[in-house]
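A short worksheet on the structure shown next.
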Amino acid sequence: MLTILGLAIATGLLISTGVTTGAVGTGMLTIILAFLTWLGFVGVRSGQN
Numbered sequence: 002m003l004t005i006l007g008l009a010i011a012t013g014l015l016i017s018t019g020v021t022t023g024a025v026g027t028g029m030l031t032i033i034l035a036f037l038t039w040l041g042f043v044g045v046r047s048g049q050n
């Protein structure tokens, strides 16, 4: 019984850690992509002037 409980807790921890890491990674990618898009937009705008 304890072994099953331990496995369930360990699995839950692994899943939550994976989800958190994935969310943080996706957030970072989104921020980087938005930043690059903004840089490109500003570059085009300043190039036209």
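Numbering (our numbering) for the sequence shown: 2 to 50. Beta carbons are placed, not taken as given, at the ideal position from N, Cα and C, and that holds for glycine.
- The C-alpha of I33 lies about 42 angstroms from the C-alpha of I5.
- Under the three-state reduction of DSSP, M2 is assigned to coil, being neither helix nor strand.
- If you draw a straight line from the Cα of A9 to the Cα of T18, it comes to about 14 angstroms.
- Put simply, the backbone Cα of I16 is about 31 angstroms away from that of L37.
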